[in-house]
Amino acid sequence: MIKCPNCGGELKYNASDNLVRCEHCGSEFQANQQIAPTKKSKETTELKGKVYSCSQCGANLMAFDETAVTFCSYCGSQAMIESKMTIQTNPGYIIPFSKTKEECIKTFKNKVNRSLFIPNYMKSDLVVDKFRGIYIPYCIYKLGYKGIDKEKGTKYSHRSGDYQYYDDYELQFDVDAKYEGFSYDLSSKFYDRYSEAIPFNEEEKIPFSPNYMLGYYADAKDVSGDVYLDTAKNEAHIDYSRVITSTREAIKYNCKGAHVNFEQEEQEIAMFPLYFLAIRSKNEKKVNYAIVNGQTGELVTELPVSYTKYVIGSLILSVIIFLFANSFLVLTPHEVCFAAIVFALVGLGICFIQAYELSNREKHDDDLGLKSVKEVEKAEKAFSILGIAIAFLAMLIPVLILAMNPVDDIFYYEAAIASLGLVLFNFYNIIKKHNDLVSTKLPQLEKRGGDESE
Ligand SMILES: [Zn+2]
Ligand SMILES: [Zn+2]
Numbered sequence: 091m092i093k094c095p096n097c098g099g100e101l102k103y104n105a106s107d108n109l110v111r112c113e114h115c116g117s118e119f120q121a122n123q124q125i126a127p128t129k130k131s132k133e134t135t136e137l138k139g140k141v142y143s144c145s146q147c148g149a150n151l152m153a154f155d156e157t158a159v160t161f162c163s164y165c166g167s168q169a170m171i172e173s174k175m176t177i178q179t180n181p182g183y184i185i186p187f188s189k190t191k192e193e194c195i196k197t198f199k200n201k202v203n204r205s206l207f208i209p210n211y212m213k214s215d216l217v218v219d220k221f222r223g224i225y226i227p228y229c230i231y232k233l234g235y236k237g238i239d240k241e242k243g244t245k246y247s248h249r250s251g252d253y254q255y256y257d258d259y260e261l262q263f264d265v266d267a268k269y270e271g272f273s274y275d276l277s278s279k280f281y282d283r284y285s286e287a288i289p290f291n292e293e294e295k296i297p298f299s300p301n302y303m304l305g306y307y308a309d310a311k312d313v314s315g316d317v318y319l320d321t322a323k324n325e326a327h328i329d330y331s332r333v334i335t336s337t338r339e340a341i342k343y344n345c346k347g348a349h350v351n352f353e354q355e356e357q358e359i360a361m362f363p364l365y366f367l368a369i370r371s372k373n374e375k376k377v378n379y380a381i382v383n384g385q386t387g388e389l390v391t392e393l394p395v396s397y398t399k400y401v402i403g404s405l406i407l408s409v410i411i412f413l414f415a416n417s418f419l420v421l422t423p424h425e426v427c428f429a430a431i432v433f434a435l436v437g438l439g440i441c442f443i444q445a446y447e448l449s450n451r452e453k454h455d456d457d458l459g460l461k462s463v464k465e466v467e468k469a470e471k472a473f474s475i476l477g478i479a480i481a482f483l484a485m486l487i488p489v490l491i492l493a494m495n496p497v498d499d500i501f502y503y504e505a506a507i508a509s510l511g512l513v514l515f516n517f518y519n520i521i522k523k524h525n526d527l528v529s530t531k532l533p534q535l536e537k538r539g540g541d542e543s544e
């Protein structure tokens, strides 16, 4: 642990001015210089801190100053246990925090204040204050290929009668390709769909120094560096093929794709900065995440919709539509039924669109890091047969009434009301599904070691 050389006080890195400051005597130090003399130069790249384990979700967080980790940033649990474990990460690079916690909270508040249907407790200062700066270990791959790439090509030769003749060619490319900058997070608890949403600018990485960690947590990596190697090779390959096929020769000889076997030249660990907030639901069963990139300030969050706010919102909207229709249009009972059909159709449409979006974004099926650590629960079915059936029924009722053409007006109004009721119920279900999919189920403490089935 690095202490103030002047007074032995606690040091913290300050993202706003890039200085390390002593909490006690106020001394300031350049972050890119060695603050306290160490015995061996090797030690400066070693990541040493106290490890705290979360007894609810199993996350391991490291702290580099005297303040203990009092709550888990991944699940919000306060059951953190100081552990004897030592973690060797030896990062080669770091991107220091350049956004402050205040800036991060401001970004989050801007977002939630613009969202009408987010539950109020998520906006409270008490919740928002739990944003915590964490360094997450990333793996950076350097890939390269040097040699000859032989590819097939064809070229039109001549025509004879009804036949066209093509000649085959072998194209040879003298390749010296290097790729670097493919990086993937090595923390299974930081879902890939989040890390992909708020990418880092790797070019700003600097050689690792523990000075930048002062005052922050770090996550212990639990995913092997090799897990994403194939993904990185694929990415390199896609770009390589694009470059080769756009050369003049490839176009001339109609070469459609190129392939070489990239070699891994280097694999480096880098620490990237993130602000993490886990918001527990009121029943303590689920957690929603808000994560801000500590370098770019970009936010990714998946928040639930409040049922109360939804019901109140739709009631207000209904009243407005009713008043509007009443004062400007005089609707015949038939027209009321037609209006209900239009509403039901819109509801059905939204139902389909959402089902499509949700099923497209299955829970973690494409999260290689998470999969490498534990078995991933099968994605919940986003497509509800019941929902579609109800939406159809909402359409069918007014259609039937119009077809039967009863004399008494009351039937038309009743059909329209029944139809709208079903549409509202359907939306309620859609919200429920949405809320399930944007939250992570918390492991329940009392179930530990017992029957995990649910
Ligand atoms: Zn001091
Ligand atoms: Zn936890």
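Okay, so the sequence shown: first residue is 91 according to my numbering, each after it adds one.
Built from N, CA and C at the ideal position, the CB exists for glycine as well.
- Counting along the chain, the unbroken beta strand (DSSP E) around L364 starts and ends at E353 to R370.
- The Cβ atoms of Y256 and Y318 do not sit closer than 9 angstroms to each other.
- If you look at K522, you'll find it in the alpha helix (DSSP H) that goes I500 to V528.
- Look at F414 here: in three-state DSSP terms it is helix.
- Of the candidates K174, T176 and S145, the residue whose Cα lies closest to the Cα of S163 is S145.
- In chain order, the residues with a C-beta atom nearer than 6 angstroms to some heavy atom of ligand 1 are C94, N96, C97, G99, C112, H114, C115 and S117.
- For Y164, the shortest C-beta to heavy atom distance toward ligand 2 is below 8 angstroms.
- Closer than 8 angstroms to some heavy atom of ligand 2: that does not describe the Cβ of S173.
- A Cβ-Cβ distance of about 24 angstroms is found for the pair K93 and G384, leaving them out of contact under the 8 angstroms criterion.
- DSSP, reduced to helix, strand and coil, places L101 within a strand of the structure shown.
- With respect to the C-alpha of G459, the residue from K311, E260 and Y142 having the closest C-alpha is K311.
- Using a Cβ-Cβ distance cut-off of 8 angstroms, the segment 327 to 345 and the segment 240 to 253 are in contact, since at least three pairs of beta carbons, one from each stretch, lie closer than that value.
- In the structure shown, V497 adopts coil according to DSSP, grouped into three states.
- Secondary structure at A153: strand, using DSSP grouped into helix, strand and coil.
- Inclusion of Q146 in the 8 angstroms shell around ligand 2 follows from its C-beta lying nearer than that to a non-hydrogen atom of the ligand.
- Put simply, the backbone Cα of S173 is about 25 angstroms away from that of R370.
- Boundaries for D215: no beta strand (DSSP E) harbours it, while the alpha helix (DSSP H) harbouring it runs D215 to V218, taken from the DSSP string.
- Under the 8 angstroms Cβ criterion, the segment 418 to 435 counts as touching the segment 506 to 517, having at least three qualifying pairs.
- Contact between the segment 345 to 357 and the segment 316 to 330 is present: three or more C-beta pairs spanning the two stretches fall below 8 angstroms.
- The alpha carbon of I226 has as its nearest neighbour, out of N519, P423, V497 and L151, the alpha carbon of L151.
- Shown here, S173 sits in a strand according to DSSP, grouped into three states.
- Here F119 is bridged, per DSSP, to V110.
- It is roughly 22 angstroms from the alpha-carbon of K268 to the alpha-carbon of P181.
- In this structure Y284 is in contact with Y379, their Cβ atoms being roughly 7 angstroms apart against a cut-off of 8 angstroms.
- Runs of the beta strand (DSSP E) spanning 3 or more residues and lying entirely within the segment 226 to 257 do not occur at all.
- Per DSSP, K189 is not a residue of any alpha helix (DSSP H), being assigned neither H nor E.
- By the Cβ rule, the segment 394 to 409 counts as touching the segment 507 to 522, because three or more pairs are nearer than 8 angstroms.
- Ranked by how close their Cα comes to the Cα of E113, the residues D320, N122, P95 and Q124 have P95 in first place.
- Relative to ligand 2, A308 has its C-beta separated by 8 angstroms or more from all heavy atoms.
- Using a 10 angstroms sphere on the CB of I224, the tally of other CB atoms reaches 16 or more, which defines it as buried.
- DSSP places V420 in the coil class of the three-state scheme, outside both helix and strand.
- Membership of K376 in the beta strand (DSSP E) is indicated by the continuous run K376 to N383.
- The three-state reading of DSSP puts S408 in helix, counting H, G and I together.
- Minimum Cα-Cα distance from S278 among the listed residues E293, N210, D309 and A287 corresponds to D309.
- When the five nearest sequence neighbours on each side are left out, the beta carbons in the same chain lying within less than 7 angstroms of the beta carbon of E355 are those of K232, L233 and G234, in order along the chain.
- Between I288 and T391, the beta carbon gap of about 10 angstroms keeps them out of contact (Cβ cut-off 8 angstroms).
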